[in-house]
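Working notes, structure below.
In the working numbering, the protein residues as written are 78 to 355.
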């Protein structure tokens, strides 16, 4: 079952301290006694840098992740887990062949390591690139878990972006392959501008993320529809992911995964074909 969460509701959830419900997917466990390699979550932050993102959005997005990781609420949540630490990596993506790791796997186990990770994320130059391949981002993320020397109780891919997949294989194929491996994909659709056909935007990007992008036990979407809430939304989403929160029952769940998508999962490819003929 997948869940939809508005930023207003999810902020209330996070600040109310609702008890976490750990997602049941389990990453492979390390050898007995290898506690130093155990973490609560292996978290991949996959961040859209396609040309549909303006420079201001790229900067706010980058700052939002960095600030979230050093926030007192995040660090408090971090210490509530079984090991009190997570492993995180951060990469930026555009086309199916265009992914760049900004932060290789790092451990966050307190303020000092969080500060170091935030500084590493912020120091890389901002960049933009062509096309939008969410499937490429998912496919790039999966091998990163195997390369991670740490072993998490959960494996999560956090995807942020402001448009649908229009390059590479269909996003549902990549999503389903990740879910089959026990990975949870959460989404952060960015909807702070009016949809523009010239920029390959679509209406109801949140529906697209809900129906076509996210997957796995407890997967959720936090949509950003107000530029002023950009950093706040990123912060809330990371806190929920580290805590293992799923939305409470009072939030209406998306219907089961087998119902027809409200937005075609190939809409990005169709818009690109209609505009460019290829």
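A virtual CB, placed ideally from N, CA and C, is assigned to each residue, including glycine.
Every alpha helix (DSSP H) of 4 residues or more that sits fully in the region 166-220 is shown, in chain order, as 188-200.
About 4 Å separates the CB atoms of residue 141 and residue 311; that is less than 8 Å, so the two are in contact.
Across the structure, residue 285 and residue 193 are spaced so that their CA atoms are roughly 35 Å apart.
In the three-state reduction of the DSSP assignment, residue 339 falls in the coil class, being assigned neither a helical nor a strand state. In this chain, the alpha helix (DSSP H) harbouring residue 141 covers 132-147. Taking a contact as a CB-CB distance under 8 Å, the pair residue 139 and residue 211 does not count as one, their CB atoms being some 19 Å apart.
The DSSP-derived three-state label of residue 162 is coil.
Contact between the region 144-152 and the region 256-264 is absent: fewer than three C-beta pairs spanning the two stretches fall below 8 Å. Taking each of 230, 171, 226 in turn and checking the Cα distance to residue 160, the smallest one comes out for 230.
Contact check for residue 344 and residue 241: beta-carbon distance about 5 Å, within the 8 Å limit, so the pair qualifies. Here residue 250 carries a helix assignment [DSSP, helix/strand/coil].
Distance from residue 118 to residue 256 at the Cβ level is roughly 17 Å; contact not present, criterion being Cβ atoms closer than 8 Å. For residue 303, the three-state secondary structure derived from DSSP is coil. In this structure, the beta-carbon distance from residue 339 to residue 281 falls below 9 Å. In the DSSP assignment, residue 288 falls outside any alpha helix (DSSP H) and carries neither an H nor an E. For the pair residue 341 and residue 238, the CB atoms are not nearer than the 9 Å cut-off.
Taking the Cα positions, residue 157 is about 45 Å away from residue 349. With a cutoff of 9 Å on beta-carbon distance, residue 166 and residue 121 are scored as near each other. Judged by DSSP in its simplified three-state form, residue 112 adopts helix. Judged by DSSP secondary structure, residue 279 falls outside any beta strand (DSSP E); it is assigned neither H nor E.
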